[in-house]
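Take a look at the structure set out below.
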Amino acid sequence: MARPHIEPYVELDAPYKKFDIAGFKGSHYKVLSLDVDSGACTLKVRFDGGYKRKPGLSYSDMEIFVLNGIIKVGKETWREGHYAFIPAGMHIGAISVGRGAEALVMFNDSEPSYYESDRNHQLALTDAFKSFNSYVDAPWGPGNLVSPSVATGVGIKVLHYDVLTQAITFLYYMSPEFMQNNISYHDCAEESYHIWGTSWMMQFGDLPTGGYFWRPPYIDHGAFRSKLGCIAFGRTDSKLHNYFHFNPWSTPDENKLRAAAHLYRQRPQLYDWVASEGHNHPHGPPDHEHPHYHDDAQVRHLHGRAPAAERHQAPPRKRKRRR
Ligand SMILES: [Fe+2]
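Each residue of the sequence shown is one higher than the one before, starting from 689 at the first, in this note's numbering.
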């Protein structure tokens, strides 16, 4: 089961809970969203002044976005706006927090975990590691990065991009007096945390500073407005395609059928191949360019599957009886 729809949720008045597991003692957390089967989650974490931990790794891909305060990680200093993607099994240096800090902390594959280590796991995909200040060291791009596009007045900074699934992590803003009058939905889950400012949506009302949503695929959202503008941290779990329409009563199932009709019209050969009986590949078809893509953590996460090695064990062949 994937994460449930949470929207709108405003975390600012919710109390922190003590984070009482190894590697996190001396910090507090709020759960913003949680996959109860895998343990994957998005947390807001408060690292109390004096928080320290030794070098170590997590068993899950992890993302962190620093909201305020200063966090020392090895030789790096992470300040407000710092973003890091830390692949599962890759160790990071000792952490210390002098005067307290708050951050969004995301574990993408499983529950929060920490294993003390000053080296990487041999299978860690360390090339995916990123660590930079997103406020200072990344440029704003236009919102029409994705086409069909949101209305003029949205800017995007891409922080992380998964080449296999096209999942993205990004900052976005809406300019003051931003307006978009259509309704959108996507094939992907969409997540957002409002760092500052308020946006309004027809279905869910105002989302103020500290507002959050985890929105599963095919759920209508929009029209939009932001009177004074806002800046937010967002993620998708796969390719973001904007399906736009003007029917405020359409259901997620109707939207899903409309998306399939879109595929049927625009990529008929692919639709026919995928939908035809006897040719389905529920575990994903072969890809000659990415032969091991089933093992990619993000792909596994999307399909809720065990590692490919277990999945691809061929069933025992039936012996033909000789007459
Ligand atoms: Fe959206």
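Quick reminder that beta carbons are idealized off the backbone N, C-alpha and C, glycines included. Model, not experiment: these values are computed from the prediction.
{"query": "7 angstroms Cβ cutoff met for His-716 and Lys-732", "result": "no"}
{"query": "Neighbourhood of Leu-813 by C-beta, 7 angstroms cutoff - its chain only, sequence neighbours within 5 removed", "result": "Pro-775"}
{"query": "Host alpha helix (DSSP H) of Gln-954 (start-end)", "result": "940-954"}
{"query": "Rounded Cβ spacing between Glu-667 and Phe-858 (contact assumed at less than 8 angstroms)", "result": "Residue 667 falls outside the range modelled here, since the chain spans only 689 to 1011, and no answer is possible."}
{"query": "Sequence ranges, beta strand (DSSP E) only - wholly within the region 883-939, length at least 3", "result": "887-889, 893-895, 899-903, 912-914, 918-924, 931-933"}
{"query": "heavy atom of ligand 1 below 6 angstroms from Glu-977 C-beta", "result": "no"}
{"query": "Start-to-end residues for the beta strand (DSSP E) that takes in Gln-854", "result": "Per DSSP, Gln-854 belongs to no beta strand (DSSP E) and is neither H nor E."}
{"query": "Those residues which DSSP pairs with Gln-675 across a bridge", "result": "What the structure shows of the chain is the stretch from 689 to 1011, and residue 675 is not part of that stretch, so it cannot be assessed."}
{"query": "Boundaries (first-last residue) of the alpha helix (DSSP H) holding Leu-990", "result": "985-991"}
{"query": "Beta carbon of Ile-871 nearer than 7 angstroms to that of Gly-922", "result": "no"}
{"query": "First through last residue of the beta strand (DSSP E) which encompasses Asn-821", "result": "818-821"}
{"query": "Delimiting residues of the beta strand (DSSP E) encompassing Ile-774", "result": "770-774"}
{"query": "Integer-rounded CB distance, given that Val-834 should sit under 8 angstroms from Gln-868", "result": "At roughly 13 angstroms, the Cβ-Cβ gap does not stay under 8 angstroms, so Gln-868 and Val-834 are not in contact."}
{"query": "According to DSSP, residues forming a beta bridge with Met-862", "result": "Val-842, Cys-918"}
{"query": "Straight-line Cα distance separating His-693 from His-797", "result": "According to the sequence as given, residue 797 is Asp; it is not His. Rounded to the nearest angstrom, the two C-alpha atoms are 18 angstroms apart."}
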